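In the numbering used here, the protein residues as written are 1482 to 1967.
All C-beta atoms, glycine included, are put in the ideal place defined by N, C-alpha and C.
Please read all numbers here as calculations on a predicted model, not as lab measurements.
Here is the structure we will look at, set down as structure tokens.
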């Protein structure tokens, strides 16, 4: 059986911080080099690849580039105190302690144990991560934080609920760490012959478009609302209370029937109540006589949203109201910042851009380039723009009888959301990114490389916002029997 085991040197990789407890116990090859160990430390802690920094061994400071191919165990050995590694990016103080040798069943490097969250490269150091966690905990407790601090959180985690933020900043997921290390499991793969040191340490930044025609300028000219200094509608206290009351009304209705069907859907009695109370029949034909969640996709959209926002917690047969939901039922004024800035259906960067453009058009009160609801539906069901519109109708942000007209309260909320969203887009550079721009513009009659002007008229978005009026955006082969179509 010994022949099936891999020799390994145990290394404890930890963040030396009084603010955050993070450690990874990793088995590495006994002959691991200094350069390889730097890669392993980054992968174990979740840091983005970056040029290596330096280590302190006792009083000695060693630049990793100077000892890249040296055996790590002998070069950095200090059994009594370990060594301190400082990456070139951020202010992370990483402690490496060499422990005993062992034999493992999996190839090295291999994760043995892990505690604490992955580090967030964009945050920069443990102190700031801890401060961000404290901000999230305040919001969970219903205590407001300065807007600048919330915007900083949103810029790094643009589509996280508060509970997801708490988990991200306090916990780790062992399989993900193990997968990152598994990618480094072959010395030949990590340090191949003729290895260019800059290549594996290139930060994973989005590929940028060559921008000879100024795509960013085209979009900002056509959608000045995306400019950070452009004034947007404000979310008043009265509007926040109106929307909070609407949300708590939905949650109270849920509290009347917490059981789920055998497929995890809302029970018929609850579906009927939601259809009636939210006036779903005004925008979904056939809803008035329906009683199954799968027959009325907007109810499924609402169900997904409530789970996403952690308002309900589900087992196989019932749902329970979360603690923050019980607080809301006693006071709609406790609706938190996470609700007013939520972007529940933005799965990727292109969704952020398309949702921002939708918000611009809604705030203007201008018609979209069609007579109806923007949908762009694929075989898997309604796309994220469509889902956002249906959800906003049920939440009282959009009028139930006109999916392109904001309610008075909804106008302030969408303005507030766009204020945060455009900051995220600017931070991530999405107006110059291929995934964002070409997704919206690849159907233009005029090729992007041969612009005739710098005005992005509404025809540009015509094929992005498509409409099937008969089916209200659902494809002909849409399976009405699937429980959760999205």
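Pick from the options that is closest to residue i, judged by C-alpha positions
{"i": "residue 1775", "options": "1807, 1742, 1844", "result": "1742"}
{"i": "residue 1601", "options": "1530, 1594, 1880, 1891", "result": "1530"}
{"i": "residue 1549", "options": "1565, 1515, 1580, 1532", "result": "1515"}
{"i": "residue 1591", "options": "1610, 1626, 1637, 1660", "result": "1660"}
{"i": "residue 1490", "options": "1605, 1519, 1553", "result": "1553"}
{"i": "residue 1557", "options": "1538, 1546, 1542", "result": "1538"}
{"i": "residue 1882", "options": "1807, 1755, 1760, 1632", "result": "1760"}
{"i": "residue 1701", "options": "1655, 1906, 1715", "result": "1906"}
{"i": "residue 1639", "options": "1902, 1733, 1807", "result": "1902"}
{"i": "residue 1612", "options": "1836, 1647, 1900", "result": "1647"}
{"i": "residue 1762", "options": "1499, 1505, 1880", "result": "1880"}
{"i": "residue 1751", "options": "1828, 1732, 1502", "result": "1732"}
{"i": "residue 1805", "options": "1799, 1798, 1655, 1816", "result": "1816"}
{"i": "residue 1621", "options": "1570, 1746, 1808, 1892", "result": "1808"}
{"i": "residue 1783", "options": "1517, 1575, 1589, 1874", "result": "1874"}
{"i": "residue 1842", "options": "1899, 1643, 1744", "result": "1899"}
{"i": "residue 1797", "options": "1617, 1791, 1773, 1744", "result": "1744"}
{"i": "residue 1824", "options": "1708, 1704, 1865, 1801", "result": "1865"}
{"i": "residue 1551", "options": "1889, 1511, 1603, 1705", "result": "1511"}
{"i": "residue 1653", "options": "1543, 1527, 1519", "result": "1527"}
{"i": "residue 1706", "options": "1839, 1822, 1886, 1869", "result": "1839"}
{"i": "residue 1818", "options": "1618, 1768, 1847, 1610", "result": "1618"}
{"i": "residue 1737", "options": "1802, 1536, 1894", "result": "1802"}
{"i": "residue 1655", "options": "1878, 1831, 1513, 1524", "result": "1524"}
{"i": "residue 1573", "options": "1497, 1749, 1770", "result": "1497"}
Boundaries (first-last residue) of the alpha helix (DSSP H) holding residue i
{"i": "residue 1751", "result": "1749-1758"}
{"i": "residue 1779", "result": "1778-1789"}
{"i": "residue 1610", "result": "1607-1621"}
{"i": "residue 1646", "result": "1643-1651"}
{"i": "residue 1723", "result": "1718-1736"}
{"i": "residue 1822", "result": "Taken as a continuous stretch (DSSP letters only), residue 1822 belongs to no alpha helix (DSSP H), as it is neither H nor E."}
{"i": "residue 1632", "result": "1628-1637"}
{"i": "residue 1662", "result": "1655-1663"}
Collapsed DSSP secondary structure at residue i in the structure displayed
{"i": "residue 1578", "result": "strand"}
{"i": "residue 1853", "result": "Unreliable positioning characterises residue 1853 in this predicted model, as indicated by a pLDDT of 37, which lies under 50. A coordinate reading is not provided."}
{"i": "residue 1527", "result": "coil"}
{"i": "residue 1796", "result": "coil"}
{"i": "residue 1836", "result": "helix"}
{"i": "residue 1769", "result": "helix"}
{"i": "residue 1583", "result": "strand"}
{"i": "residue 1552", "result": "strand"}
{"i": "residue 1496", "result": "strand"}
{"i": "residue 1879", "result": "strand"}
{"i": "residue 1485", "result": "helix"}
{"i": "residue 1869", "result": "helix"}
{"i": "residue 1514", "result": "strand"}
{"i": "residue 1902", "result": "helix"}
{"i": "residue 1887", "result": "strand"}
{"i": "residue 1712", "result": "coil"}
{"i": "residue 1907", "result": "helix"}
{"i": "residue 1895", "result": "helix"}
{"i": "residue 1761", "result": "helix"}
{"i": "residue 1603", "result": "coil"}
{"i": "residue 1625", "result": "coil"}
{"i": "residue 1807", "result": "helix"}
{"i": "residue 1830", "result": "helix"}
{"i": "residue 1557", "result": "coil"}
{"i": "residue 1814", "result": "helix"}
Where the beta strand (DSSP E) containing residue i begins and where it ends
{"i": "residue 1802", "result": "1800-1802"}
{"i": "residue 1592", "result": "1591-1596"}
{"i": "residue 1543", "result": "1541-1544"}
Whole-number beta carbon distance between residue j and residue i, since they are thought to touch under 8 Å
{"i": "residue 1787", "j": "residue 1780", "result": "The pair is not a contact, with the Cβ atoms about 11 Å apart (cut-off 8 Å)."}
{"i": "residue 1651", "j": "residue 1598", "result": "6 Å"}
{"i": "residue 1595", "j": "residue 1658", "result": "5 Å"}
{"i": "residue 1492", "j": "residue 1580", "result": "7 Å"}
{"i": "residue 1734", "j": "residue 1754", "result": "5 Å"}
{"i": "residue 1892", "j": "residue 1712", "result": "Contact flag wrong, Cβ pair sits at about 13 Å."}
{"i": "residue 1790", "j": "residue 1820", "result": "7 Å"}
{"i": "residue 1614", "j": "residue 1486", "result": "That belief does not hold up - the Cβ atoms of residue 1614 and residue 1486 are roughly 39 Å apart, past 8 Å."}
According to DSSP, residues forming a beta bridge with residue i
{"i": "residue 1567", "result": "1535"}
{"i": "residue 1508", "result": "1491, 1591"}
{"i": "residue 1740", "result": "1799"}
8 Å Cβ cutoff, residue i in contact with chain D
{"i": "residue 1811", "result": "The chain inventory of the structure shown lacks chain D, comprising one protein chain alone."}
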